Amino acid sequence: MRSLYHRLTLLVSEAFLALQERVGPVDERGGGRNSDEGFHIGAGAVLGGAIALGVGAYIAKKIGALE
0 MRSLYHRLTL LVSEAFLALQ ERVGPVDERG GGRNSDEGFH IGAGAVLGGA
50 IALGVGAYIA KKIGALE
């Protein structure tokens with residue numbers, strides 16, 4: 000059981016460090032991967048995809064493709 004605990008602890012620690020490196024700033028001056036501009040671009044892409052998915056599903060339902 001202790002071995003499983005240590006494995007899970009290591010897995011969580013590695014995942015946390017990988018995520019921290021991914022979203023951390025590229026340099027100390029800011030403007031890195033976690034800049035406001037990057038978040039706005041990412042959020043816009045997610046919202047655009049959600050809208051496109053919704054419109055596509057609506058059209059598919061109207062033409063009977065989902066039935």
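Just so you know, numbering that gives the first Met the number 0 puts 9 at position 10 of the sequence shown, and the rest follows in order with no gaps. Backbone N, C-alpha and C fix where the C-beta goes; we use that ideal spot for every residue, glycine too. As the structure is a prediction and not an experimental result, all values here were calculated from the model.
Separation of the CB atoms of residue 59 and residue 65 is rounded to 5 Å, and the pair is thereby assigned contact status at 8 Å. Counting along the chain, residue 13 sits inside the alpha helix (DSSP H) bounded by residues 1–22. In the displayed model, residue 65 falls within coil according to three-state DSSP, outside both helix and strand. Inter-residue distance for residue 42 and residue 36 is about 10 Å (C-alpha atoms, whole angstroms).
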